[in-house]
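Asker: Starting off with a structure, shown below.
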Amino acid sequence: MRTARAPRGASVRCRRASLSTTTSRNMQSSSWSDHAAKYANNGNGLTLPLLLAALAHITPALDALAAQRAPQPLRILTTCGGPGVEAVLLCKHFGGKHVNILSTDNAEGMVQLARDSFEKEGLQDIAEARVLDAMKLDLPDQSYDAVLQLLGPMLLPDARASFAEATRVLTPGGVFCALTPGRMVIHDVMTSAKRGVLEKAGRGDEFQDLYSHRIMSEWGTPPKLKEQLEKCSAFAKVEAANAPAEMPVSSEAHLDEILQSLWDNPGMAFMYTSNLSEEQVAEFRAAVRKEMLKRRAESGKETWGAEMLGNVVCAWTAEK
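Written as structure tokens, this is what we have:
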């Protein structure tokens, strides 16, 4: 049954659930800003394959919207946009024209990375970066045709608030697209390494499998992601799918670059090493590296593709 869109300016009801206070504190914008410089050098090792796989699912919906909105440019908003990688990819997809993109993030450091990237790529005329909170957007009602939140919902203190804001700024018939991570080889390896470090220290009872953590239990599969979006009353249709990808590992040096991108990621640090001593962190990292090299060697391939799985959902607001 199609659900009527909330009137312009009205609040959209979404059941809300927050991460723990500890999680919120560790995911604050300052953490991401503090790590922005490191992220600029290494940050895309893990995320880029997932973003590319997700955009392969999302761009047909955006192309259809662009055709409907022509000759006006398609207006796209990205929330939790980090260094603006998806914004650059979308600008290139549309050939640098017929699109206007606003990339937003709550971390000033990440927004500056996006600005630098847009300038480097010559995209300043069609892409802008701004500091905005996805859960409370300082933007007018019905001001964007599409809102993307890629690799963001599971990190927000209140993702449902961000969904409500997305529906508020979307035009009738607009689309909201989200991406969350699913099962990945690298997470399996890191989970095993974390268990080993804790058990060696006699702290095995403290171990929590990543896949039982609410970040994955609530967001880790397409049906779960779809369920979260369907709790928002403004979406008339919700579709979800897996987006399989591979993280290529072409050499030992390349693996070290990828792993450094993980060590420089505040979210990963919170999940895996926040309760470890410096010595245990070093032990954990060494165990992850050893196992990843072993798996690459066992694959017998010069470039081994470590399997990754993304969860993609597209949700449309009702037409007028």
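Going left to right, the sequence shown walks through residues 1 to 320 as UniProt numbering numbers them. Note that CB positions come from ideal geometry on N, CA and C, so glycine has one too.
#1: So if DSSP puts A243 in a beta bridge, which residue, or which two residues, is it bridged to?
#2: Using beta-carbon positions only, say whether A236 and L150 come within less than 8 Å of one another.
#3: For L210, is the beta carbon positioned less than 7 Å from some heavy atom of the ligand MG?
#4: Using DSSP's beta-bridge definition, name the partner residues of Y144.
#5: On the DSSP letters alone, give me the boundaries of the alpha helix (DSSP H) that T191 sits inside.
#6: Within the segment 28-80, note down every full beta strand (DSSP E) run reaching 3 residues or more, in order along the chain.
#7: Which first and last residues belong to the beta strand (DSSP E) in which D209 is found?
#8: To the nearest angstrom, how far is it from the Cα of G96 to the Cα of P172?
#9: Assign C91 to one of three DSSP states: helix, strand, or coil.
#10: Would you mind sorting R25 into buried or exposed? The rule is 16 or more other CB atoms within 10 Å of its CB.
#11: Can you find the residues in the same chain that come closer than 7 Å, C-beta to C-beta, to M216, ignoring five residues on each side of it along the sequence?
#12: How long is the line joining the alpha carbons of T21 and S143, rounded to whole angstroms?
#13: According to DSSP, is K226 helix, strand or coil?
#14: Taking the CB atoms as reference points, tell me whether N100 and P83 lie closer together than 8 Å.
#15: One question on the structure: do residue 322 and A64 come within less than 8 Å of each other, judged by their Cβ atoms?
#16: Can you tell me which of P140, W32, L46 puts its alpha carbon nearest to the alpha carbon of R75?
#17: How is I101 classed by DSSP in three states: helix, strand or coil?
#18: Quick check on the DSSP output: the beta strand (DSSP E) that includes residue 329 runs from which residue to which?
#19: Between which two residues does the alpha helix (DSSP H) containing A134 stretch?
#20: So C80 and G152 are supposed to be a Cβ contact under 8 Å. How far apart are they, rounded?
#21: Could you tell me the boundaries of the alpha helix (DSSP H) in which Q112 lies?
Answerer: To lay it out plainly:
#1: G310
#2: no
#3: The ligand MG is not part of the structure shown, which contains no ligands of any sort.
#4: L170
#5: 185-200
#6: 74-78
#7: First-last for D209: undefined, no H or E at that position.
#8: 25 Å
#9: helix
#10: Because R25 sits at a pLDDT of 39, beneath the cut-off of 50, its placement in the model cannot be relied upon, and the point is left open.
#11: L210
#12: A caution first: T21 carries a pLDDT of 38, below 50, which makes its placement in the model unreliable, though a value can still be read off. Going from the Cα of T21 to the Cα of S143 covers about 32 Å.
#13: helix
#14: no
#15: Since the displayed the chain opens at 1 and closes at 320, residue 322 lies outside it and no answer follows.
#16: P140
#17: strand
#18: Because residue 329 is not part of the residues shown, which for the chain are 1 to 320, the question remains open.
#19: Unbroken run through A134: none, as it is neither H nor E.
#20: 3 Å
#21: 108-121
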